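Protein chains in written order, with the working numbering: chain A, 1326 to 1627; chain B, 141 to 431; chain C, 66 to 429.
One structure is given below, encoded as structure tokens.
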Amino acid sequence: MADTAFRRVSFVFGVLIVALVALMVYEMAQQSSLSMRTFGPAFLTSTTWDPQHRAFGALPFIYGTVVSSVLALVIATPISLGVAIFLVEMSPNWLGNVISAVVELLAAIPSVLLGLWGIFVMVPFLQRYVEPALQTAFPGVPLFDGAPYGVGLLAAGLILAIMIVPTIVAISRDVMASVPIAQREGMLALGATKWETTRRAVLPYARSGIVGAMVLGLGRALGETMAVTMVIGNRPVISPSLLDPSYTMASVIANEFTEATYELYVSALIEIGLVLFAVTILMNAAARLLVARTARGMPVAP
Amino acid sequence: MQRALVLRRTRSITRRLIVDRAMATLFALATVIAVAPLVLVVAYIVVNGVRGIDLDLVTKLPAPVGEAGGGMANAFVGSAILIAIASAVALPVGILAGVYLSEFGRGRFAATLRFLTDVLTGIPSIVVGIVAYTLVVVPFRSFSALSGGLALSIIMIPTVTRTTEEALKRVPTTIREASLALGVHEWKTVLRIVIPTGLGGIVTGVMLAIARISGETAPLLFTAFGSSFWGEGPLKPIAAVPLQIFQYAISPYKEWHDQAWAAALVLMLFVLVLNVGIRSVTRTGFQSRGV
Amino acid sequence: MSRKLLIAGGFSVALVAAACGGSAVPPSAGATSSAVAGSPAAAAPKVQLTGAGSSFDAPLFSKVFKGFQDKTGIRVNYQSIGSGGGVEQLTKKTVDFGASDFPLNDEQTKAAEAAGGPVVHVPVTMGAVSIGYNLPIDGLKLDGPTLSGIYLGTIKKWDDPAIAALNPGVKLPSTAVAVVHRSDGSGTTFIFTSYLSAVSPDWKSKIGASGSVNWPVGIGAKGSEGVSGQVTNTPGAIGYFELAYAKQNNIKSAVMKNAAGKFVEPSVQGAADAGAGAAANMPSDLKAVFVNAPGDTSYPISGFSWIVVFQKQADKVKGQELVDMLSYVTTAGQQGVDALYYAPLPKAVQDLDAKAIKTITIGQ
């Protein structure tokens, strides 16, 4: 009896979350219906964003969002996993505590300030040292073409990486830490080195948790607004170069929502929110698929 | 079986030890790379914030630009109230939904729920704010602490849910089985054995969520709205630290900039204290090495 | 239930309790610091006024509303959420007044009138928009067509003949012009693009005047803080922002050629002179955009900022408070604002404001 009740109660809360997502989507769909009727599917493929002439298209924003988030994830994941392994398997306890505290503190910095740090510290550094160096190292490569302004996709990817490292580190650290000691001891007793133990006994066991951490980080990157807006250059263009300015969906909503002076404009911005929702779904699915592929052949968790 | 094979395949012990050392160095290096910008950011805030820190900051109401003194005591109280409202909603929902996913979460519904929760993390916070605005602020015809708290709770829920699930999943099946074998009911097993064992992970999730919402500006702009005064109740506008920081940070005046950085420093300290406090109460260190 | 679980589950409850405990303190503290509640001078019960809008106005209002509160005991809570946001919130009736750096357009007017009847525009201050640049040259001179060429992307280098012609004898570098503009919709952008539309037919037909436009070139930075930061960091950069940002951050500002053909530095006085000219030809609804204003000393990229309210105020107490507030802001409140780089309203505009405020009807 009590068991069924408990099951039901926890189930109800699960349903609540589904309802919440449904509500969000419904609200967004409702408020963007004008834009959907006006532009139809062309909204997704048009590259023009001209509020003055009532023309709206989402493609450059989709591009900027996907590229900056993927870049952030590519930078942040290996580093974060390295940190997590270091914290759990190698570092002395006190150092681990200090590092963990610093990492979690970062999550609390208002992103507008992180953005200001980006403008006044990171962007000049990129502009003066990193970007010219990249251009010298890879002359003529389209990925690093264009004038080094400091702001652009690279800066956005970096600042997003800084923002999602805490999420990925904190969760994967916990997941690895909770791998039973017996699991490790078994390996060590077989004569395995520490790394072999980590690789064969800890990582496979922690895999689903690590994926969860990555997906949460990706979510944060996709939806992050203020800090990205400060450093991405906010130009709705599609350019192969990481040094060029770009624009994300969350940024355009944050930038223009309060100053959207007519209904169609507001509606188009909310439709951007809806598109971002769809992109988030696709990228989550892609991340899972990718992980499932690469994980094949690896030893599985018991 | 498989593992034994793996070990036999690796030939020389020296080589294995070298790889071991190399990997250790690599992880230490990753830590340095990851921690460096974090330390830089934190240091930047400390350096910029220290100037503006004084007792006025946490005891006085905002002063007009150009006038000495003044603080943002109302914003700190406001943020505490907003976080409390958000936690009151998000923690039960998030933790219980996480319990559902980890303990009973098999089948299509659970997969959908898991997926939607992840997707929810990707909704930009400003969109969350817009929805809360439409649903709560417009009908009430007033910005309110309540709407702000609700908006923040939507941002908290997915993090809490997924971290709870991950934390509980890591609790070894043997422990559950032992409890069930002793005739303990499932619900009691979950509440008394599984959740306490996974508490460290849950606390991490809660901390991450609280840290994140204490710095959120966008969802509060159209909900909590902000105020230069003390709050007047849950259905009235209320001040919040990130809103105040935002307003000060984008202004042209140095004394407001100083206060913005100082407030960020206090915000960080608040999260640090909360973090340490909760961890000492729940007796889970930053690192709990398994069971 | 285990104690640990109680702590975990009851965490939220504890937080709520803590917050409630905390919120019990404020009222008394609020009373001492603001001397509002229970002040013997207060005859009628005071209610708090709420306003939202322009971020340009926010520092000014922090000063003026404090003065108003000291005088009358009425508290005004103003939050900067952007000009368009302020108008939208007025229309939704979540605030008592909006503040905007641009007058309501037709669509906004229609929506507002449907919601609460006619809207009154009350100019409350004026500002100048600086053209900041990052070059080792002082006193760079620019005119409207050149500036529009830069922002259209037709002028790409600093030693372009058009710029050189305006700056005889100055050695201009051949570096590329790094154009910076606002990415967020803003009143500053509205004034800037209104100016470019006024001086360049090309700009007017291709881009137009608006709070956010489809920029042909450049980097978008968020907020004036972002634009001024980007200009400071990027050699060869040019950007536009309110005068206060140029002054506070020591950014060099271009000397602009005005309608009379004179070169004028951005200044409070230059904006005031431009506004004084505008006052003479003020439309009856006070929605004057006075970019490229006549007069030898007028700075050409200047504009008003308005408080907008509904003409019909149903609530007697609030309505009267609003009228008192507007009267204070447009008269006594104008003193000393130039220290914050706002241009005080000329007497002529103050008189027009008084007339506009009189049209507000209370409790009918």
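Cβ atoms here follow ideal geometry from the backbone N, Cα and C, with glycine treated the same way.
Note that the structure is a prediction, hence the values are computed from the model and not measured.
What does residue i reach in chain B if we use C-beta pairs closer than 8 angstroms?
i: residue 1361(A); result: Chain B residues near residue 1361(A): none, gap ~16 angstroms exceeds 8 angstroms.
i: residue 288(C); result: 390
i: residue 310(C); result: 392
i: residue 412(C); result: Under the 8 angstroms cutoff, chain B gives no residues; its nearest Cβ is about 24 angstroms from residue 412(C).
Between the C-alpha atoms of residue i and residue j, what's the straight-line distance to the nearest angstrom?
i: residue 60(C); j: residue 283(B); result: Outside the modelled stretch of chain C, which goes from 66 to 429, sits residue 60(C), for which no answer is possible.
i: residue 112(C); j: residue 376(B); result: 12 angstroms
i: residue 417(C); j: residue 332(C); result: 24 angstroms
i: residue 1525(A); j: residue 251(B); result: 27 angstroms
i: residue 187(C); j: residue 376(C); result: 11 angstroms
i: residue 198(C); j: residue 1564(A); result: 27 angstroms
i: residue 96(C); j: residue 208(B); result: Residue confidence is low: residue 96(C) scores 37 on pLDDT, short of 50, so the model does not pin down where it sits. Its coordinate-derived value is still stated next. Going by the C-alpha atoms only, they are around 20 angstroms apart.
i: residue 193(C); j: residue 353(C); result: 15 angstroms
i: residue 227(B); j: residue 296(B); result: 8 angstroms
i: residue 424(C); j: residue 189(B); result: 48 angstroms
i: residue 338(C); j: residue 384(C); result: 33 angstroms
i: residue 256(C); j: residue 274(C); result: 8 angstroms
i: residue 180(C); j: residue 351(C); result: 21 angstroms
i: residue 185(C); j: residue 153(C); result: 15 angstroms
i: residue 1341(A); j: residue 259(C); result: 49 angstroms
i: residue 1461(A); j: residue 1448(A); result: 18 angstroms
i: residue 92(C); j: residue 114(C); result: Below a pLDDT of 50, predicted positions are generally treated as unreliable, and residue 92(C), at 39, falls in that range; the measurement from the model is reported next regardless. If you take the alpha carbons of residue 92(C) and residue 114(C), they lie about 17 angstroms apart.
i: residue 248(B); j: residue 257(B); result: 14 angstroms
Are the beta-carbon atoms belonging to residue i and residue j less than 8 angstroms from one another?
i: residue 213(C); j: residue 223(C); result: no
i: residue 125(C); j: residue 407(C); result: yes
i: residue 366(C); j: residue 356(C); result: yes
i: residue 1556(A); j: residue 1484(A); result: yes
i: residue 378(B); j: residue 400(B); result: no
i: residue 195(C); j: residue 311(C); result: yes
i: residue 1338(A); j: residue 236(B); result: yes
i: residue 211(B); j: residue 300(B); result: no
i: residue 119(C); j: residue 166(C); result: yes
i: residue 358(B); j: residue 221(B); result: no
i: residue 269(B); j: residue 199(B); result: no
i: residue 261(B); j: residue 1498(A); result: no
i: residue 173(B); j: residue 1493(A); result: no
i: residue 394(B); j: residue 295(C); result: no
i: residue 207(C); j: residue 321(C); result: yes
i: residue 156(B); j: residue 1522(A); result: no
i: residue 1443(A); j: residue 1568(A); result: no
To which residues of the same chain is residue i closer than 6 angstroms at the C-beta, ignoring the five residues directly before and after it?
i: residue 1380(A); result: 1373
i: residue 272(C); result: 278
i: residue 88(C); result: Bear in mind that a pLDDT of 40 at residue 88(C), under 50, signals an unreliable position, so the model cannot answer this.
i: residue 1459(A); result: 1469
i: residue 217(C); result: 281
i: residue 238(B); result: 301, 304 and 305
Kindly list, in the order they appear in chain C, the residues whose Cβ is closer than 8 angstroms to that of residue i.
i: residue 1331(A); result: Going along chain C, no residue has its Cβ under 8 angstroms from residue 1331(A), so there is no contact; the nearest lies around 13 angstroms.
i: residue 1560(A); result: 280, 283, 284 and 285
i: residue 205(B); result: 124, 127, 128 and 405
Only counting the same chain, and skipping five residues up and downstream in sequence, which positions put a Cβ closer than 8 angstroms to that of residue i?
i: residue 191(B); result: 398, 401 and 402
i: residue 1344(A); result: none
i: residue 1371(A); result: 1364, 1380, 1381, 1382, 1383 and 1384
i: residue 1350(A); result: 1599 and 1602
Applying a beta-carbon distance threshold of less than 7 angstroms, which residues of chain A neighbour residue i?
i: residue 275(C); result: 1376 and 1377
i: residue 148(C); result: 1584
i: residue 173(C); result: 1586
Residue i versus chain B: which residues are under 7 angstroms apart at the beta carbon?
i: residue 157(C); result: 278
If you drop the 5 nearest sequence neighbours on each side, which residues of the same chain put their C-beta closer than 7 angstroms to that of residue i?
i: residue 336(C); result: 191, 192, 193, 364, 367 and 408
At 8 angstroms on the CB atoms, spell out the chain A contacts of residue i, in chain order.
i: residue 299(C); result: 1452, 1474 and 1475
i: residue 241(B); result: 1339
Check: Listed in chain order, which residues of the segment 262 to 288 of chain B have Cβ atoms closer than 7 angstroms to some Cβ of chain E?
Finding: In the structure shown, chain E does not exist; the protein chains are A, B and C.
Notebook entry, point to check: Curious, which full-length alpha helix (DSSP H) runs of at least 4 residues does the segment 134 to 208 of chain C contain?
Noted result: Entirely contained in the segment 134 to 208 of chain C, the alpha helix (DSSP H) runs reaching 4 residues are, in chain order, 148 to 156 and 171 to 181.
Check: Enumerated in chain order, which unbroken segments of the alpha helix (DSSP H) with a length of 4 residues or greater are wholly contained in the segment 270 to 341 of chain B?
Finding: Fully enclosed alpha helix (DSSP H) runs of 4 or longer: 285 to 309 and 313 to 321.
Checklist line | Length at least 4, wholly inside the segment 236 to 295 of chain C: the alpha helix (DSSP H) runs in chain order | finding: With a minimum length of 4 residues, the continuous alpha helix (DSSP H) runs that stay inside the segment 236 to 295 of chain C are 252 to 264 and 266 to 271.
Next item on the list: Jot down the residue ranges of each uninterrupted alpha helix (DSSP H) in the segment 1571 to 1613 of chain A, minimum 4 residues, whole runs only, in chain order.
Entry: Runs found: 1574 to 1581.
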